[in-house]
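Position 516 (the sequence shown) corresponds to 716 in our numbering; numbering is contiguous.
Cβ atoms here follow ideal geometry from the backbone N, Cα and C, with glycine treated the same way.
This one's a predicted model, so the numbers in the text were calculated from it and none came from an experiment.
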Amino acid sequence: MGIVEQLEGAIDIVDLVQKYSKIKKAGVNYKGLCPFPGHNEKTPSFMVSPAKQIAYCFGCHKGGGPVKFVMDIENTEFKDAIEVLGNLTGIAVNTNFDKEKYKAQKNLYSLYKDAANYYKSSLSKHPEIKKYLMERGFNEESITNFHLGYSNSGLELYNYLREKGYDDKIIEESKIFLDIRTKKDKFINRVIFPIQNARGDFVAFTGRVLGVGEPKYLNSPASDIYDKSAILYGLYTAKNQITKSDFVIVTEGNPDTIAMQQYGFFNTVAVSGTALTEKHLVILKRLTHKVYLCFDNDKAGEKATKSSLEMLKNKDLEVKVISLQGGKDPDEILTSGGDFQILIDKAESPIGYYIAKAKFDVTSIEEKRKLLKELLDIVKSYSDNIEKDFYLKEISRLLDINTKIVYDLFNRVKFTTEKKGDGEKNNKALTSEELAIGNILIDEKHSAFFKKHIVFTDGLHPDLLKALEKGPHFINDISLDQKERYRGISLQIEEENKLKTENNSEIELEKLTLGINRDMYKKMVNDLKNKMKKGDTNAFTKYSEIAKIAKDLGIK
């Protein structure tokens, strides 16, 4: 038995999906909103079949068995997906497929670890820099736990790495240096914040300038081991506490997260940019379904908050916003003696935050009406009825408007924030050939039916040709991606057939066959016309033959 079969046999697809998304029983299957990144919908098109061990979206056509589901929802490679399933099932997995790539990544991890140790050692040799950090509010324990360091001027880091055995090729690939020829560290005269992934590997650095200089913060570029859209600063030290407390606080910067953890809020992480990403969300949903946003109280922070709220919408999460007063960030509030727990306890819902940040004068009837219209449009964009009900009551309370009036207006208001078709825009039309393959997987007899009635086979998709020849067993001869796609299509067809009579299902098969013959006929005609233009006499004969067959089939 292969590793995929072992893993998929050891895990229940329903249990796996429920770690990422909310699904509800729908007959023998389960149904819910599509959880895959990039597909936002209001009408559930995501189906989970325990019998088939498949989780598939009929809209964006992503998903499949457990391995393919993890690959798509985490936007990751095959080896990473089976590693995730290995951890969940306790089955030992060997992910060392590409030995050269694995070795290169391992060397980069090692180099970054040595570079982090060098920066840390450098800080200990510069007491004035350590004093600066202490004055900024970082205590000895935080400086140690977060491996803070210092990059002094000169060639010391390059020489140190060479002494450690790294050649110029790997040093250049690390992207720590401005230019391998000058051998100068790009973080010169900066405090170093090493960035670790969820496993604790060092993968990048952020350098904060000392004194005056731009940029204030300099970040490592993307590399084979660093994708900032998938890294949360502080997660390595925070993940256990996030699970224990069952909520995560997301801040805007590294110093904020260090300060929060230093003051006992160990369930805090920071984004490596200005807002949460889909990849961040996948990571966090493994640990909790409660997200508290805590970005700076300035224009950039407000923009990041609103962007994150939009991304977090309809993701089966409880979302709140911690409002910071007086233009301060978490670091400033904590180091000045503020009680941050009070701010957490007073965290607002998304609607509460929008009202607090609204640029409307609610003492004016006209302004209040405009604000209410905007808020109702926002509520309309949520899919869960309980969530909608909660927000409508909150609007009534916060704006002091009669609840019945709010509900009446909500039911009448035109939805303007979502364009017609939004949310379903990722729906991809299935080809007649794909639908034929899906039907063959449902019932082997369909293979004989299509084989008999599809008369134009020139140009037919190779997978359908295999299915006509081997029946459902052809699926063992194709790639994992295609295999799971066809399995998903077969599930979709079965769901749609529940609403049809047996007679209607037969009519659908006949229409499908006619469509395939028509498509193949058009391809053949175009090909033959090109040959006829070149004087191919055999093409004229062939054209006459297929034209007669097409006429008999009712194809024009």
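Decide if Gly400 is buried, meaning its Cβ has at least 16 other Cβ atoms within 10 Å, or exposed. exposed
Can you tell me whether DSSP reads Arg390 as helix, strand or coil? strand
Where the beta strand (DSSP E) containing Phe246 begins and where it ends: Phe246 to Ser249
Once the 5 residues before and after Ala316 are set aside, which same chain residues still bring their CB inside 7 Å of it? His347, Gly349, Pro394 and Phe402
How big is the Cα-Cα spacing for Lys729 and Lys723? Here the alpha carbon of Lys729 sits roughly 10 Å from the alpha carbon of Lys723.
For the alpha helix (DSSP H) that Phe772 lies in, which residues bound it at each end? Lying outside 201 to 756, the shown extent of the chain, residue 772 is not represented and no answer is given.
On the three-state DSSP scale, how would you describe Asn627? Low confidence applies to Asn627: its pLDDT is 47, below 50, so where it sits in the model is not reliable, and the reading given next is rough at best. If DSSP states are grouped into helix, strand and coil, Asn627 belongs with coil.
In the DSSP assignment, find the unbroken beta strand (DSSP E) run with Gly349 in it and report its ends. Annotation for Gly349: the continuous beta strand (DSSP E) segment containing it runs Gly349 to Ser351.
Could you tell me which residues DSSP puts in a beta bridge with Leu432? Val471
Counting only runs that start and end within the segment 472 to 546, where is the beta strand (DSSP E) found for 3 or more residues in a row? 490 to 494 and 518 to 521
Which word fits Glu618, buried or exposed, when buried means at least 16 other C-beta atoms lie within 10 angstroms of its C-beta? Note that Glu618 scores a pLDDT of 42, beneath 50, so its modelled location is shaky; the value from the coordinates is reported in the next line. It is exposed - the Cβ of Glu618 has fewer than 16 other Cβ atoms within 10 Å.
The alpha helix (DSSP H) spanning Arg597 covers which residue range? Run containing Arg597: Asn585 to Leu599, per the alpha helix (DSSP H) assignment.
CB of Asp446 within 9 Å of CB of Thr488, strictly: yes
How is the beta strand (DSSP E) around Lys231 delimited, first residue to last? Asn229 to Gly232
With 16 other Cβ atoms within 10 Å as the buried cut-off, status of Gly501: buried
Between the alpha carbons of Met201 and Phe278, how many angstroms are there, rounded? In this prediction, Met201 has a pLDDT of 46, which is less than 50 and means its spatial position is unreliable; nothing more can be read from the coordinates.
Thinking Gly263 and Asp272 are a contact (beta carbons under 8 Å), I'd like their distance in whole angstroms, please. Contact holds; Cβ gap of about 6 Å.
Could you tell me if Val391 is buried or exposed, where buried requires 16 or more neighbouring beta carbons within 10 angstroms of its beta carbon? buried
Ends of the alpha helix (DSSP H) at Val267? Pro266 to Ile273
Please list the terminal residues of the continuous alpha helix (DSSP H) segment that includes Glu278. What sits at residue 278 in the sequence shown is Phe, not Glu. Residues Phe278 to Thr289.
Of the choices Pro250, Thr505, Ala739 and Asp681, whose alpha-carbon is the least far from that of His261? Asp681
Kindly indicate which three-state DSSP category Arg408 falls into: helix, strand or coil? strand
With respect to the alpha helix (DSSP H) encompassing Asn611, which residues constitute its N-terminal and C-terminal limits? Thr603 to Arg612
Quick one: Cα of Leu361 to Cα of Thr344, how far? 22 Å
Can you tell me whether DSSP reads Thr451 as helix, strand or coil? Under the three-state reduction of DSSP output, Thr451 falls in the strand class.
Starting from the C-beta of Thr616, find all residues in its chain whose C-beta is less than 8 Å away, skip the five residues before and the five after it, and write them out in chain order. In this prediction, Thr616 has a pLDDT of 45, which is less than 50 and means its spatial position is unreliable; what the coordinates show is noted afterwards. The beta carbon of Thr616 sits closer than 8 Å to those of Asp577, all from its chain and outside the five residues before and after it, given in chain order.
Out of Tyr433, Lys698, Ala398 and Ile533, which has the shortest C-alpha to C-alpha gap to Thr406? Tyr433
Here's a check: name, in chain order, each residue in its chain whose Cβ is nearer than 7 Å to the Cβ of Lys364, leaving out the five neighbours to either side. Excluding positions up to five away in sequence, the list reads Asp314.
Beta carbon of Leu476, beta carbon of Asn497: below 9 Å? no
Inter-residue Cα distance where the pair is Asn389 and Tyr358: 15 Å
For Val448, count neighbouring C-beta atoms within 10 Å of its own C-beta (all shown protein chains included) and say buried if the count is 16 or more, exposed if not. buried
In three-state DSSP terms, what is Ala210? Helix.
Is it buried or exposed, Val217, if we count other Cβ atoms within 10 angstroms and call 16 or more buried? buried
Determine whether the beta carbon atoms of Asp589 and Lys222 lie at a separation below 9 Å. no
Expected contact under 8 Å - CB spacing of Lys485 and Tyr256 to nearest Å: With a Cβ gap of about 19 Å, Lys485 and Tyr256 do not count as contacting.
Taking the alpha-carbon of Ala422 as reference, which of Tyr554, Ala438 and Ile376 has the nearest alpha-carbon? Ile376
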